[in-house]
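S.K.: Following full-length UniProt numbering, the numbering of the sequence shown begins with 1 at its first residue and continues without gaps.
We put the beta carbon where it would ideally sit given N, CA and C, even for glycine.
None of the values given here were measured: they were computed from a predicted structure.
Could you have a look at this structure, given as structure tokens, before my questions?
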Amino acid sequence: MENISWNDFEKVELRVGTILRVEPFPEARVPAYKLWLDFGPEIGERKSSAQVTDLYDPDSLVGKQVVAVVNFPPKQIGPMRSECLVTGFYRQDGVVLAVPDQPCPNGLKLG
Numbered sequence: 001m002e003n004i005s006w007n008d009f010e011k012v013e014l015r016v017g018t019i020l021r022v023e024p025f026p027e028a029r030v031p032a033y034k035l036w037l038d039f040g041p042e043i044g045e046r047k048s049s050a051q052v053t054d055l056y057d058p059d060s061l062v063g064k065q066v067v068a069v070v071n072f073p074p075k076q077i078g079p080m081r082s083e084c085l086v087t088g089f090y091r092q093d094g095v096v097l098a099v100p101d102q103p104c105p106n107g108l109k110l111g
């Protein structure tokens with residue numbers, strides 16, 4: 001594990017967003033969903049892909065709040081342009097999303 005400085009950590013914009021819409025992503029190399037998330041008025045709506053098909057179905061994701069990095073540059077993932085990175089924890093049976101344990105305003109920064 002590499003140590004980072006506090007200044008490095010402060011550069012990462014970890015924000016709460018609510019999943020608005022979920023679609024299958026059959027073109028992905030690893031099974032994934034396409035997600036549309038609301039990060040509030042300052043950031044707006046962003047899209048991403050998430051490899052969470054093992055533990056979540058689309059209906060269970062809509063309305064769920066998640067923690068995402070919103071200041072990475074967009075990344076082309078197959079035919080989709082990902083605009084944020086939804087965070088999660090890798091287990092043997094799949095990825096568990098990182099979520100706030102209580103409702104938060106969309107766009108709220110982890111700090």
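Over what stretch of residues does the beta strand (DSSP E) that includes L55 continue unbroken?
M.R.: Where L55 is concerned, there is no enclosing beta strand (DSSP E), given that its DSSP letter is neither H nor E.
S.K.: Would the beta-carbon of A68 fall within 8 Å of that of S48?
M.R.: Their beta carbons are under 8 Å apart, which means A68 touches S48 by this criterion.
S.K.: Helix, strand or coil for E45? Go by DSSP, reduced to three states.
M.R.: Strand at E45.
S.K.: Which of the three DSSP states, helix, strand or coil, is assigned to K64?
M.R.: In the structure shown, K64 sits in coil (DSSP, three-state: anything other than H, G, I, E or B).
S.K.: Would you kindly work out how many angstroms separate the C-alpha atoms of P103 and T18, rounded to a whole number?
M.R.: Taking the straight line from one Cα to the other gives about 10 Å.
S.K.: Using the three-state DSSP reduction, which class does G94 fall into: helix, strand or coil?
M.R.: G94: strand per DSSP, three-state reduction.
S.K.: Tell me which same chain residues have a C-beta within less than 8 Å of the C-beta of P105, skipping the five on either side of it?
M.R.: The answer, listed in chain order, is V16, G40.
S.K.: If I'm right that D101 touches L55 with Cβ under 8 Å, what's the distance once you round it to whole angstroms?
M.R.: Actually they are not in contact, since the Cβ atoms of D101 and L55 sit about 17 Å apart, beyond 8 Å.
S.K.: Under three-state DSSP, which class holds D101?
M.R.: Correct three-state label for D101: coil.
S.K.: Which same chain residues, not among the five before or five after F89, have their C-beta less than 6 Å away from its C-beta?
M.R.: So the list reads V96, once near-sequence residues are dropped.
S.K.: Rounded to whole angstroms, what's the CA-CA distance from Q51 to Y33? Just pull it up for me.
M.R.: Going by the C-alpha atoms only, they are around 7 Å apart.
S.K.: Do you know whose CA, among V62, V66, P24, L37, lies nearest E83's CA?
M.R.: Answer by Cα proximity: L37.
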